[in-house]
Amino acid sequence: VGEEQSLIIGIGNHEYRNVTYTVETILLNMTFDPATNTSFINAYQPLDTFSATLAHNETREFPYSFTVASQEYNRLQFLLFNETVPSAAVTRQDRINASYRDLHLWITVRAPGAPA
Numbered sequence: 333v334g335e336e337q338s339l340i341i342g343i344g345n346h347e348y349r350n351v352t353y354t355v356e357t358i359l360l361n362m363t364f365d366p367a368t369n370t371s372f373i374n375a376y377q378p379l380d381t382f383s384a385t386l387a388h389n390e391t392r393e394f395p396y397s398f399t400v401a402s403q404e405y406n407r408l409q410f411l412l413f414n415e416t417v418p419s420a421a422v423t424r425q426d427r428i429n430a431s432y433r434d435l436h437l438w439i440t441v442r443a444p445g446a447p448a
């Protein structure tokens with residue numbers, strides 16, 4: 333909790349034209365119900381947004397740092413939009429579904445000083 337973490341976000345353009353991509357990062361608390369084979373978003377916290385224009389066949393890497401302020405989150409979600417970003421009224425699973433591509437990392441957030 334509260335410690336800055338870093339990673340690299342890579343974007344490659346293979347669209348045969350210049351594209352302005354938008355990346356959004358979101359913290360989620362997800363649970364899964366095996367009886368219904370359904371996932372639920374219990375908490376949703378947008379972190380950051382940035383855009384980058386890439387030429388065809390260009391790949392770029394972006395250093396990214398983030399801090400998780402609460403132990404309630406267990407998933408870091410990355411959304412990639414290509415030119416069309418939905419309004420802020422579109423949230424949660426609808427926003428994930430609206431993205432061009434998405435990727436997530438399962439995370440464990442521990443209190444400071446807690447054993448790893």
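Add 332 to the 1-based position in the sequence shown for my numbering, that's all there is to it. C-beta atoms are modelled at their ideal positions from N, C-alpha and C, and glycine is treated no differently.
Range of the contiguous beta strand (DSSP E) that encloses residue i
i: ARG433; result: 433-438
i: SER371; result: 370-386
Residue environment, residue i, which counts as buried when at least 16 other CB atoms sit within 10 Å
i: GLU356; result: buried
i: LEU437; result: exposed
i: GLN409; result: buried
i: TYR348; result: exposed
Which of helix, strand or coil DSSP assigns to residue i
i: GLN403; result: coil
i: GLU356; result: strand
i: ASN361; result: strand
Contacting residues, own chain, Cβ-Cβ under 8 Å from residue i (five flanking each side not counted)
i: GLN337; result: SER397, PHE398, THR399, VAL400
i: ASN406; result: LEU360, ASN361, MET362, TRP438, ILE439, THR440, VAL441
i: VAL333; result: VAL400, ALA401, SER402, GLN403, VAL441, ARG442, ALA443, PRO444
First and last residue of the uninterrupted alpha helix (DSSP H) at residue i
i: ASN429; result: 424-430
Contact set for residue i: own chain, Cβ-Cβ below 7 Å, skip 5 residues either direction
i: TYR376; result: ILE358, LEU360, THR423, ARG424
i: PHE364; result: SER371
i: ALA387; result: ASN345, ASN350
Contact test: residue i Cβ vs the ligand HEM heavy atom, cutoff 7 Å
i: ARG349; result: As for the ligand HEM, it is missing from this structure, which has no ligand bound.
For residue i, the residue or residues it bridges with in DSSP
i: TYR396; result: LEU339
i: THR391; result: GLY344
i: VAL351; result: LEU386
Sequence-distant residues of its chain with Cβ nearer than 6 Å to residue i (five each side left out)
i: TYR432; result: LEU412, PHE413, ASN414
Cβ of residue i within 8 Å of any chain D Cβ
i: ILE439; result: Of the chains in the structure shown, none is chain D; there is only one protein chain.
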